[in-house]
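These protein sequences, in sequence, are chains A and B. Note that this note's numbering has the first sequence beginning at 1, numbered continuously upward. Note that this note's numbering has the second sequence beginning at 134, numbered continuously upward. Think of the CB as a built atom: it goes at the ideal place given N, C-alpha and C, for glycine as much as any other residue. Here the structure is a predicted model, which means the values were calculated and not measured. The structure appears right after this line, and notes come after that.
Number of protein chains: 2
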Amino acid sequence: MINYTNILREHTLKATPQRLAITDVLYTNGHINIESLYEKMIKKFTSISLATIYKNINLMLEHSFIQEVKLPNAKSVYELTKETHSHIVCTTCGSIEDISLDLNKVIMQVSESNAFHTTSSDLVLSGICIHCK
Amino acid sequence: MINYTNILREHTLKATPQRLAITDVLYTNGHINIESLYEKMIKKFTSISLATIYKNINLMLEHSFIQEVKLPNAKSVYELTKETHSHIVCTTCGSIEDISLDLNKVIMQVSESNAFHTTSSDLVLSGICIHCK
DNA sequence: TATCAAAAGATAATAATTATCCTTTAAGTA
DNA sequence: TACTTAAAGGATAATTATTATCTTTTGATA
Numbered sequence: 001m002i003n004y005t006n007i008l009r010e011h012t013l014k015a016t017p018q019r020l021a022i023t024d025v026l027y028t029n030g031h032i033n034i035e036s037l038y039e040k041m042i043k044k045f046t047s048i049s050l051a052t053i054y055k056n057i058n059l060m061l062e063h064s065f066i067q068e069v070k071l072p073n074a075k076s077v078y079e080l081t082k083e084t085h086s087h088i089v090c091t092t093c094g095s096i097e098d099i100s101l102d103l104n105k106v107i108m109q110v111s112e113s114n115a116f117h118t119t120s121s122d123l124v125l126s127g128i129c130i131h132c133k
Numbered sequence: 134m135i136n137y138t139n140i141l142r143e144h145t146l147k148a149t150p151q152r153l154a155i156t157d158v159l160y161t162n163g164h165i166n167i168e169s170l171y172e173k174m175i176k177k178f179t180s181i182s183l184a185t186i187y188k189n190i191n192l193m194l195e196h197s198f199i200q201e202v203k204l205p206n207a208k209s210v211y212e213l214t215k216e217t218h219s220h221i222v223c224t225t226c227g228s229i230e231d232i233s234l235d236l237n238k239v240i241m242q243v244s245e246s247n248a249f250h251t252t253s254s255d256l257v258l259s260g261i262c263i264h265c266k
């Protein structure tokens with residue numbers, strides 16, 4: 001079990017029980033939207049306020065402790081910040097997976113054809129996962 | 134000037150003046166969010182309802198006449214449906230441009246490593262555009 | 001030009017998110 | 001270990017975004 005207390009503090013975020021629980025949910029689930037996160041959190045903290053969820057998600061985003069993933073035809077989900085990666089989303093079961101892809105060639109195409117200097121990329125591939133095929 | 138009356142009808146959408154104006158705004162601006170679209174529309178139709186904007190945007194999405202583009206740190210924008218393409222977004226000036234990129238290699242990587250069958254891709258590259266460099 | 005389903009406009013209702021205010025607490029310091 | 005205080009949590013009001021409802025108007029077809 002990872003000690004997220006220190007990781008939160010490294011991001012200058014106080015390690016409150018609520019934040020540790022949010023972190024635990026994100027770690028366990030990988031990707032989760034606000035509504036589902038709230039449902040899971042309320043089981044551990046029966047009186048947690050939805051405002052606490054929003055305030056923490058926004059603060060964690062500002063501190064780059066977590067990241068938002070915008071998906072087609074779905075609510076945004078949140079994940080713990082990790083190495084740069086893309087996402088594959090199954091249109092049948094809705095599962096979301098991280099995937100490490102080499103986008104250097106693509107980014108080269110862009111810099112050549114458009115004189116555009118890419119600093120970050122957001123790629124979501126939609127399709128059918130191995131379980132649904 | 135393209136005749137969008139027939140194109141709307143091909144998508145089984147009645148060609149109302151409001152829809153033709155929305156189409157014109159999308160054609161002229163390329164990408165626009167709800168708020169900006171409403172501001173532009175109200176200049177032509179001083180009494181247009183915001184509900185009409187939402188209803189038409191949603192209907193046009195359902196009929197694949199337009200598409201939503203989800204951007205990092207910004208509201209979604211909408212564009213007329215065209216050939217498959219990606220987007221480059223300038224983090225300095227906010228400009229959004231279409232770009233045709235060959236993602237076949239990347240999609241191949243996915244199918245090999247994850248047995249995932251990709252049917253569509255959403256790629257947004259953020260960075261610095263030629264004007265801001 | 002008459003008919004009618006569909007669309008527009010006005011606005012109420014709902015959903016999503018943020019702000020406010022008071023109480024509690026994490027974390028540094030004596 | 002207790003003290004201090006800025007920050008965080010909880011409750012809830014306020015705001016913003018989106019959708020639903022209902023009545024009037026209109027595009028498209030006969």
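Taking any Cβ of chain B, which residues in the region 95 to 120 of chain A have a Cβ under 8 Å from it, in chain order? Shown in chain order are the members of the region 95 to 120 of chain A whose Cβ falls below 8 Å from a Cβ of chain B: 97, 99, 101, 102, 103, 105, 106, 107, 109, 110, 113, 114, 115, 116, 117, 118, 119 and 120.
What are the start and end residues of each continuous beta strand (DSSP E) run of 3 or more residues lying completely inside the region 166 to 231 of chain B, in chain order? Taking 3 residues as the minimum length, the beta strand (DSSP E) runs contained wholly in the region 166 to 231 of chain B are 199 to 202, 210 to 213 and 219 to 223, in order along the chain.
Counting only Cβ-Cβ distances shorter than 7 Å, please list the residues of the region 57 to 84 of chain A near chain B, keeping chain order. Only those residues of the region 57 to 84 of chain A whose C-beta falls short of 7 Å from the nearest C-beta of chain B are listed: 70 and 72.
Residue 224 of chain B touches chain A at which residues, Cβ-Cβ below 9 Å? 119 and 120, listed in chain order.
My understanding is that residue 221 of chain B touches residue 110 of chain A, with C-beta atoms under 8 Å, so please give their C-beta distance in whole angstroms. Distance from residue 221 of chain B to residue 110 of chain A at the Cβ level is roughly 6 Å; contact confirmed, criterion being Cβ atoms closer than 8 Å.
Buried or exposed by the 16-neighbour rule on C-beta atoms within 10 Å, applied to residue 46 of chain A: Around the C-beta of residue 46 of chain A, fewer than 16 other C-beta atoms lie within 10 Å, and the residue is accordingly described as exposed.
Using 8 Å as the Cβ pair cut-off and three pairs as the minimum, do the region 90 to 99 of chain A and the region 221 to 240 of chain B touch? With the cut-off at 8 Å, the region 90 to 99 of chain A and the region 221 to 240 of chain B do not touch.
Compare the beta carbon distance of residue 27 of chain A and residue 57 of chain A with 9 Å and say whether it is the shorter of the two. Not closer than 9 Å, so no.
Tell me the rounded alpha-carbon separation between residue 259 of chain B and residue 219 of chain B. Taking the straight line joining both Cα atoms gives about 11 Å.
Would the beta-carbon of residue 235 of chain B fall within 9 Å of that of residue 122 of chain A? Going by C-beta atoms, residue 235 of chain B is not nearer than 9 Å to residue 122 of chain A.
Am I right that residue 181 of chain B and residue 170 of chain B are in contact with their C-beta atoms under 8 Å? What's the rounded C-beta distance? Rounded to whole angstroms, the Cβ separation of residue 181 of chain B and residue 170 of chain B is 10 Å, and the two are not in contact under 8 Å.
Is residue 30 of chain A close to chain B? Criterion is C-beta to C-beta, closer than 9 Å. Among the CB atoms of chain B, none fall inside 9 Å of the CB of residue 30 of chain A.
Would you kindly check if the distance between the Cβ of residue 67 of chain A and the Cβ of residue 61 of chain A is under 9 Å? Judged by beta-carbon spacing, residue 67 of chain A lies within the 9 Å limit of residue 61 of chain A, meaning their Cβ atoms are closer than that value.
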